[in-house]
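Q:
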Amino acid sequence: MNFNEKLLNLRKNAGMSQDVLAEKLGVTRQAVSKWELGTAMPETENIIKISKIYDVEVDWLLNHKVLPETIYFEKKTIFNISWFIIYIIMTGILLGSLMFFAINIARGITYSIRPLSWLTVSEYFQTSAYYRGRRFLFKALFYGIIAKVSFEIMKFIRIKGE
Numbered sequence: 000m001n002f003n004e005k006l007l008n009l010r011k012n013a014g015m016s017q018d019v020l021a022e023k024l025g026v027t028r029q030a031v032s033k034w035e036l037g038t039a040m041p042e043t044e045n046i047i048k049i050s051k052i053y054d055v056e057v058d059w060l061l062n063h064k065v066l067p068e069t070i071y072f073e074k075k076t077i078f079n080i081s082w083f084i085i086y087i088i089m090t091g092i093l094l095g096s097l098m099f100f101a102i103n104i105a106r107g108i109t110y111s112i113r114p115l116s117w118l119t120v121s122e123y124f125q126t127s128a129y130y131r132g133r134r135f136l137f138k139a140l141f142y143g144i145i146a147k148v149s150f151e152i153m154k155f156i157r158i159k160g161e
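Position 63 of the sequence shown, counted from 1, bears residue number 62 in numbering that gives the first Met the number 0, the numbering being contiguous throughout.
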């Protein structure tokens, strides 16, 4: 593959017209056309600009080395998509863990205040068992006992205070 064929392929793969490339390089469209036809070669400065625009090596443009199978534009797109997916996953994990901790903190505050409320033991046991579920039955029993003890202490203090 010669320089002219490489330039033509790079320009078409990037979806550029000759006018757009000529404008970026500061030359006329006819100059770009001559380069692609192989009737003229660009100056060294323009070759360097072309390599930067298409993000290829100058050596590759001038020599007959073959580019790897995948084109750089595809690599860049795949790279961006993979980072986007990683960001979505990390955001989901972060939001999920924040929600988990917020719910557990709220439950902890609710259950730490519950034994101090003036519910009857049976009401407290029912609400505690309802919220905690069967697998937390021992904790619910423990909170029920704390509620009963604190209720009896408060009742004793009221009777003593009268």
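Glycine included, C-beta positions come from ideal geometry on N, C-alpha and C.
Please report the distance separating the alpha-carbon of residue 148 from that of residue 141.
A: One alpha carbon belongs to residue 148, the other to residue 141, and they sit about 11 Å apart.
Q: Can you list, in chain order, the residues of its chain with a C-beta nearer than 6 Å to that of residue 55? Leave out the 5 residues immediately preceding and following it.
A: none
Q: Who are the near neighbours of residue 34 in its chain, counting only those whose CB is closer than 8 Å to its CB and skipping five residues on each side?
A: 2, 3, 6, 40 and 41
Q: Compare the beta carbon distance of residue 45 and residue 24 with 8 Å and say whether it is the shorter of the two.
A: Cβ atoms of residue 45 and residue 24: closer than 8 Å.
Q: If you follow the alpha helix (DSSP H) that residue 18 is part of, which residue opens it and which one closes it?
A: Here the alpha helix (DSSP H) through residue 18 covers 17-24.
Q: I'd like the list of long-range same chain contacts for residue 21, defined as Cβ closer than 7 Å, with 5 residues on each side in sequence excluded.
A: 27, 28, 30 and 31
Q: With a threshold of 8 Å on Cβ separation, who are the neighbours of residue 69 within its own chain once the five nearest residues in sequence on each side are excluded?
A: Confidence at residue 69 is low in this model, with a pLDDT of 48, below 50, so its placement is unreliable and the value that follows should be read with caution. Nothing listed; no residue qualifies.
Q: What's the C-alpha gap between residue 49 and residue 38?
A: 18 Å
Q: Could you check how far apart the C-beta atoms of residue 13 and residue 53 are, in whole angstroms? I think they sit under 8 Å.
A: 6 Å
Q: Tell me the DSSP secondary structure of residue 69 in three-state form.
A: Reliability of the predicted coordinates at residue 69 is poor, the pLDDT of 48 falling under 50, and the value obtained from them is presented with this limitation in mind. Coil.
Q: Under DSSP, the alpha helix (DSSP H) around residue 42 begins and ends at which residues?
A: Taken as a continuous stretch (DSSP letters only), residue 42 belongs to no alpha helix (DSSP H), as it is neither H nor E.
Q: Can you name, in chain order, every residue of its own chain whose Cβ lies under 8 Å from the Cβ of residue 47, other than the five neighbours on each side?
A: 57
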